[in-house]
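Here the structure is laid out as structure tokens; the discussion comes afterwards.
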Amino acid sequence: MPAKDLIHNSVKQALQKDGWTITADPYTIQYEELTVFADLGAERPLAAERQGSKIVVEVKTFNKPSLVYELELTLGQHALYLSFLEQTDPDRQLYIAIRSEIYNTFFKPKAVQLLVRRHQLSLLIVEVTTEEILEWINSHVTNT
Numbered sequence: 085m086p087a088k089d090l091i092h093n094s095v096k097q098a099l100q101k102d103g104w105t106i107t108a109d110p111y112t113i114q115y116e117e118l119t120v121f122a123d124l125g126a127e128r129p130l131a132a133e134r135q136g137s138k139i140v141v142e143v144k145t146f147n148k149p150s151l152v153y154e155l156e157l158t159l160g161q162h163a164l165y166l167s168f169l170e171q172t173d174p175d176r177q178l179y180i181a182i183r184s185e186i187y188n189t190f191f192k193p194k195a196v197q198l199l200v201r202r203h204q205l206s207l208l209i210v211e212v213t214t215e216e217i218l219e220w221i222n223s224h225v226t227n228t
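Here this note's numbering is used: the first residue of the sequence shown is 85, the next is one more, and so on.
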């Protein structure tokens with residue numbers, strides 16, 4: 085099992101405060117002969133007449149000296165998880181959870197925003213001190 089990020093528990097608590105039920109910690113994604121582990125699986129029931137929402141959350145601390153290198157790793161991990169989820173559990177939405185400070189500093193410039201849009205990253209912005217979700221950013225674009 086992979087090590088948990090420093091903000092793992094804060095993200096988990098924030099999801100629970102927001103009405104989500106944690107269904108897996110970690111969330112196993114298996115496709116053919118490969119198995120990978122995302123940080124969390126969660127579900128939120130909706131009204132009885134509609135199906136509930138299901139998500140997979142990969143928590144990223146971005147606390148290494150090179151934030152660009154961490155972004156490269158995150159993009160690769162996102163592509164891998166998304167490819168497998170599309171085959172094994174297409175009803176689940178994949179989110180990358182990050183601290184609000186990282187979003188407000190590193191993710192706001194145009195270069196990183198280009199990558200977020202290009203790779204259709206859905207972000208979960210968390211205030212770790214209060215363990216609250218500040219924003220859901222769904223960059224997934226559907227072609228019509």
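Beta carbons are placed, not taken as given, at the ideal position from N, Cα and C, and that holds for glycine.
Source: prediction; values computed, not measured.
Are there 16 or more other CB atoms within 10 angstroms of the CB of residue i, so buried, or fewer, so exposed?
i, result
"residue 175", "exposed"
"residue 94", "buried"
"residue 201", "exposed"
"residue 141", "buried"
"residue 198", "exposed"
"residue 194", "exposed"
I need the DSSP call for residue i, collapsed to helix, strand or coil.
i, result
"residue 154", "helix"
"residue 113", "strand"
"residue 94", "helix"
"residue 195", "helix"
"residue 189", "helix"
"residue 137", "strand"
"residue 121", "strand"
"residue 163", "helix"
"residue 169", "helix"
"residue 100", "helix"
Please name the residue, chosen from the options, that lies closest to residue i on a Cα-to-Cα basis.
i, options, result
"residue 90", "102, 198, 210, 202", "210"
"residue 128", "99, 168, 188", "99"
"residue 139", "179, 167, 170", "179"
"residue 144", "222, 191, 195", "191"
"residue 96", "223, 177, 217", "217"
Measuring only between beta-carbons, confirm whether residue i sits less than 7 Å from chain B.
i, result
"residue 156", "Here chain B cannot be found, since the structure has a single protein chain."
Can you check whether the CB of residue j is closer than 7 Å to the CB of residue i?
i, j, result
"residue 102", "residue 124", "no"
Can you find at least 3 beta carbon pairs, one from the region 143–160 and one from the region 105–118, that sit closer than 8 Å? no
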